[in-house]
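Start counting the sequence shown at 0; every next residue gets the next number (numbering that gives the first Met the number 0).
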Amino acid sequence: MCFPLTECLVVSQISQIPEPSCGICDLTIAPDVESYELDCGCTYHLCCLMDDLEVLVECPQCKEEIIKSDALVLMILHQLQA
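#1: How about E64 and E57: do their beta carbons lie closer than 8 angstroms?
#2: At 4 residues or longer, and completely inside the region 27-73: list those alpha helix (DSSP H) runs for me, N to C.
#3: Can you list, in chain order, the residues of its chain with a C-beta nearer than 7 angstroms to that of C24? Leave out the 5 residues immediately preceding and following it.
#4: Going by C-alpha distance, which of P59, C39, Y35 is nearest L73?
Here it is in structure tokens:
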């Protein structure tokens, strides 16, 4: 049996989940801003990743090596923006 109070608590807990922040600039990633999630699960503003693309070999946040598919997608997106 589910009580109405329980439903309210669940909804309020969900609404308190913080928005992700960029591991490069530390600013919140707004829903309407282009972002990219690396294979490791870390999320960044797409423009921040583009700025560091030439020197990026590992995730700035968790330090996992950038996999080739992430690097390829980012390079293609960089070329499309140029």
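Glycine included, each C-beta is placed from N, C-alpha and C at the ideal position.
Walking through what the data contain:
#1: Result yes, Cβ atoms of E64 and E57 sit closer than 8 angstroms.
#2: 45-50
#3: H44, C47
#4: Y35
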